[in-house]
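Using the numbering used here, the first residue of the sequence shown is number 126, and each one after it goes up by one.
For every residue, glycine included, the Cβ atom is placed at its ideal position computed from N, Cα and C.
Right, one structure below, let's go through it.
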Amino acid sequence: MTVAPGKGFPFSSETRPIIVGSAITVTQPTVPPNPASVWKAPAVVTIAAFVLPVAKALPARSRAMPKLPDEAVTPERTKLLDFGIAKLLGSDLLEATATIGRLLTPEYASPEQLRGMPMTTTSDVYSLGVVLYELLSGHRPFNFGSRSPEEVARLITEGEPVKPSVIITRIDSARQTDNAEHLPLTPEAISHTRDGNVDKLRRRLAGDLDNILLKALRKEPERRYASVQELSADIERHLTGLPVLAREDTFAYRAGKFIQRNKAAVAAAAVVVITLFTASVITTWQATVARHERAKAERRFKDVRNLTNSFLFDFHDAIADLNGATKAREMVVKKAQEYLDSLAQEAGEDRELLWELSTAYLRLGDVQGRPGFSRTGDTGQALQSYEKSLATRRRLAVLEPNNAEYQLGVAETLSRFGPIFQVLGKPSAAVERMREAMEITDKLLPQSHDLVTFQYATLNPAFLGDALAEMGDYDEALAMYQKSLSIAEQKGKSFPDQAVMHRLVVSRERLGFIFGIKGEWQKALDNHLKMLALTEEMCALEPTNLDYARAKATAFDHVGDSFRGLKNYPKALANGKRGLAMYEEFLEKDPQDARAKKDAGDCTHHVAETLLASGNYRDALSLLQRTVSIRRGLVALDESNVEYPDDLADSLTLTGESLSASGNFTKAIEVLQEARAISEPIVSSHTQRIDYRRELARLYTDLGAALAALKDRNEAELWYQKGLDLWIELQNENALWAKEMNMPKEVAENLSQVRSAKLQKR
126 MTVAPGKGFP
136 FSSETRPIIV
146 GSAITVTQPT
156 VPPNPASVWK
166 APAVVTIAAF
176 VLPVAKALPA
186 RSRAMPKLPD
196 EAVTPERTKL
206 LDFGIAKLLG
216 SDLLEATATI
226 GRLLTPEYAS
236 PEQLRGMPMT
246 TTSDVYSLGV
256 VLYELLSGHR
266 PFNFGSRSPE
276 EVARLITEGE
286 PVKPSVIITR
296 IDSARQTDNA
306 EHLPLTPEAI
316 SHTRDGNVDK
326 LRRRLAGDLD
336 NILLKALRKE
346 PERRYASVQE
356 LSADIERHLT
366 GLPVLAREDT
376 FAYRAGKFIQ
386 RNKAAVAAAA
396 VVVITLFTAS
406 VITTWQATVA
416 RHERAKAERR
426 FKDVRNLTNS
436 FLFDFHDAIA
446 DLNGATKARE
456 MVVKKAQEYL
466 DSLAQEAGED
476 RELLWELSTA
486 YLRLGDVQGR
496 PGFSRTGDTG
506 QALQSYEKSL
516 ATRRRLAVLE
526 PNNAEYQLGV
536 AETLSRFGPI
546 FQVLGKPSAA
556 VERMREAMEI
566 TDKLLPQSHD
576 LVTFQYATLN
586 PAFLGDALAE
596 MGDYDEALAM
606 YQKSLSIAEQ
616 KGKSFPDQAV
626 MHRLVVSRER
636 LGFIFGIKGE
646 WQKALDNHLK
656 MLALTEEMCA
666 LEPTNLDYAR
676 AKATAFDHVG
686 DSFRGLKNYP
696 KALANGKRGL
706 AMYEEFLEKD
716 PQDARAKKDA
726 GDCTHHVAET
736 LLASGNYRDA
746 LSLLQRTVSI
756 RRGLVALDES
766 NVEYPDDLAD
776 SLTLTGESLS
786 ASGNFTKAIE
796 VLQEARAISE
806 PIVSSHTQRI
816 DYRRELARLY
826 TDLGAALAAL
836 KDRNEAELWY
846 QKGLDLWIEL
856 QNENALWAKE
866 MNMPKEVAEN
876 LSQVRSAKLQ
886 KR
């Protein structure tokens, strides 16, 4: 969603919108202390002005998002909804999804759906009207007593909704709040999460908002807003104090109703008129029909195009900022994807539409599974969306090879493939895409003064360095990280401070990582401390920026790792725990966010490493239980992401080491065998990943040591030998980390001792 450069939403100090130049990716806020401030959101997100004040006070699940047509969300599975908005229901709050001959959820269906009449975008406007009605008032437009499909259909097709400003003053005992006591909906409960008191909320709704919602909910499709864009425009007029289109019944409407009641008489009169003028009218009629059909098709295409942008940008960005919105985002994204695929088939050579499609597919992939960002956790689907974006942008670049915007667009999409191929265990594919992306931005940067070009010119070498490091090419990885830092320092003077600092943070993080691999822990610490200082300055400039807060948590985590490398365990533990506390807070706000889960799991693992290194086995084991639980959940969430099972095997290996250190060798062997069962298939199918082989070599060595401690020398010999083979293989490839340089020698000595013990026993 594009906003004014350098500006964000007028939220409180606890909100953290992400701002990178003129592009904003919204994340989950905490509850603003001043609810009214949300009603003043900019016109570009007028729909968000309705969603946010209702759902902002919710706990870490999307309880304000009502269930919409088609299916439901249950504890066992998530099903897709017609409108793309979720509601997590308790077992006592489940609502039936009825068919009435068609697959839909009656409470949110439009009258024409229930009557079996043709549907248009005005049907979606009606369903959105129900959503906004419930979000603003806490009640549904109709009170369904028995909730039987027939009763629901009768009320929707024959009844008239109560004004929102009136219904909020009523008590609904049939529906309940989501709190632990399951209290009935009362005016006080409704107003508490909106404007603070009943009278203020009633005054807020009375007038324009009543009329806007009732217009969206009219029985006759032609009397509703023609599209979501028109509804959004009317909302914007209300927010800016201008008159709105929604109004009372007109004479034309009453005349139309008269015709419907007297169809026979009107039809008879029409036949007489048509008979008198048949000869002259028929040709005109045919031409008019043809023009109307063409115009109708064009309007429908335009409406779908606008609705797609509304779902993927306006509406998605509105709910993306809510605590616990991940499930709701899945529904919005699914609906947007359906619209996108439909539009793509009709794009032709329309370059403006092709660019919109490429950008929308890029955004779709980000929401589905962009590593390092809030996401729903579907890496495979994200890769497909990125491929569609890249194919479309390559097509545009061929059509206009001298168009710098199209060239940069290709580089922007290519940059997404670096991190995503890494989590898929394909570093060589990541290297290929990142080299191409870097080549493009290197050519564009000298002539460009564009912030986006600068950002990707610094990111691309960093992402390339990540892939090279995973393949064991640490020297070239270091060169890429240094290049990223150099561009940020030399070219960043022309850009906003926060944007430059963010690029510097990326470079310092990577440099600290690579120096740690090389065993130069003081250099690693220096870079990570600089990273921490930058993130603290960024957070001071923008206290509500959640992306900056996450970067700060990451900096604490890395500083802790560097102190552990220097064997300064008290400082390592102190910094690691500060990072972990921040990560746990992010996870609490949105338990469904895959990124929040991974960050919390990673940092917990690192703190456990520090505890084990300092000899505190008991606390290390306690933390590792939490880590293993988080990582098991991630494995179940996204089977295509190879990072998740590898992380789980790594935590199980550390658990085995902690158990061995505490003397529980039998349990250690059991846990290590589970880790081996996970790790071996990963290594065999991802031979390019040096780090996977390193972890397996360590696991084999741990197994050998635990078995030797139990004097099971035959098995100990077997696993020591397997570990030694891998260590020697890594040594021959110059892929050992500095701390592992002595591992081939140490494992060989342990193997020799086991064999000597076997001979003595004979």
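Query, Result
"From this set, K836, K886 and A830, which residue's C-alpha is nearest A873's C-alpha?", "A830"
"Indicate the three-state DSSP secondary structure (helix, strand or coil) for P586 in the structure shown.", "helix"
"Hey, quick one: how far does the alpha helix (DSSP H) through L549 stretch, first residue to last?", "No alpha helix (DSSP H) contains L549, which DSSP labels as neither H nor E."
"Name the two residues that bound the continuous alpha helix (DSSP H) containing G241.", "First-last for G241: undefined, no H or E at that position."
"What's the C-alpha gap between A507 and N766?", "11 Å"
"Excluding the 5 residues flanking P609 on each side, which residues of the same chain have their C-beta closer than 6 Å to its C-beta?", "Position check: residue 609 holds Ser in this sequence, whereas Pro was assumed. Closer than 6 Å at the Cβ level, and outside the excluded window around S609, lie T583, P586, A587 and S632."
"Checking 8 Å against the spacing of the C-beta atoms, do R756 and L773 come in under that value?", "yes"
"Assuming L623 and L666 are in contact, meaning their beta carbons sit under 8 Å apart, how far apart are those beta carbons, in whole angstroms?", "Reading off the sequence shown, one finds Gln at residue 623, where the question assumed Leu. Yes, they are in contact, since the Cβ atoms of Q623 and L666 sit about 6 Å apart, within 8 Å."
"Give every residue of the same chain whose Cβ lies closer than 6 Å to the Cβ of A536, excluding the five residues on either side of it in the sequence, and list them in chain order.", "A562, I565, T566 and Y581"
"Consult DSSP for L310 and reduce its assignment to one of helix, strand or coil.", "strand"
"Smallest Cα separation from Q493: which of K847, L762 and L524?", "L762"
"Within a Cβ cutoff of 8 Å, which residues of the same chain sit near L487, ignoring the five residues on either side of it in sequence?", "S510, Y511, S514, E537, T538 and R541"
"With DSSP as the reference, identify every bridge partner of D297, one or two as the case may be.", "L310"
"Assign F681 to one of three DSSP states: helix, strand, or coil.", "helix"
"Using only CA atoms, which one of R823, G550 and A529 lies nearest to P571?", "A529"
"With a Cβ-Cβ cutoff of 8 Å, do Y233 and L342 count as a contact?", "no"
"Among the residues of its own chain, which have a CB less than 7 Å from the CB of L370, if the five just before and after it don't count?", "D359"
"Flag this pair as yes or no: are the beta carbons of G617 and R635 separated by less than 8 Å?", "no"
"If H893 and L779 are in contact, beta carbons under 8 Å, what's the gap, nearest whole angstrom?", "Given a span of 126 to 887 for the chain in the structure shown, any question on residue 893 remains unanswerable."
"Over the uninterrupted alpha helix (DSSP H) stretch that includes E645, give me the two end residues.", "Here E645 belongs to no alpha helix (DSSP H), and DSSP marks it neither H nor E."
"Classify D217 as buried or exposed, calling it buried when 16 or more other Cβ atoms lie within 10 Å of its own Cβ.", "The predicted model places D217 with a pLDDT of 40, which falls under 50 and marks its position as unreliable, so this point remains unresolved."
"Quick check on DSSP: helix, strand or coil for D598?", "coil"
"Between which two residues does the alpha helix (DSSP H) holding F790 run?", "F790 to S810"
"Using CA coordinates, which residue listed in L524, A725, E840 and M868 is at the minimum distance from R880?", "E840"
"Using 8 Å for Cβ pairs, my map puts V732 next to G701. What's the rounded Cβ distance?", "4 Å"
"Closer than 8 Å is the cut-off here; do at least three beta carbon pairs connect the segment 283 to 300 with the segment 329 to 343?", "yes"
"Measure from the alpha carbon of L659 to the alpha carbon of each residue in E313, D686 and V625, then state which is nearest.", "V625"
"Take T791 as the anchor and find which of L828, S776 and Y769 has the nearest alpha-carbon.", "L828"
"Please report the straight-line C-alpha distance between A834 and L876, rounded to a whole angstrom.", "13 Å"
"When you compare each of K723, E709 and L705 to Y735 by their alpha carbons, which one comes out closest?", "In the sequence under discussion, the amino acid at residue 735 is Thr, which differs from the Tyr named in the question. Checking every option, the nearest Cα to that of T735 belongs to L705."
"Which same chain residues end up closer than 6 Å to S785 when comparing Cβ atoms and leaving out the 5 residues on each side of it in sequence?", "A793 and A831"
"Can you give me the Cβ contacts of M605 inside the same chain, cut-off strictly under 6 Å, excluding the 5 residues immediately before and after it?", "P586, L589 and G590"
"What first and last residue would you give for the alpha helix (DSSP H) that runs through S357?", "V353 to L364"
"Cβ of R518 within 8 Å of Cβ of G543?", "no"
"Check whether the Cβ atoms of R349 and T247 lie closer than 8 Å to each other.", "yes"
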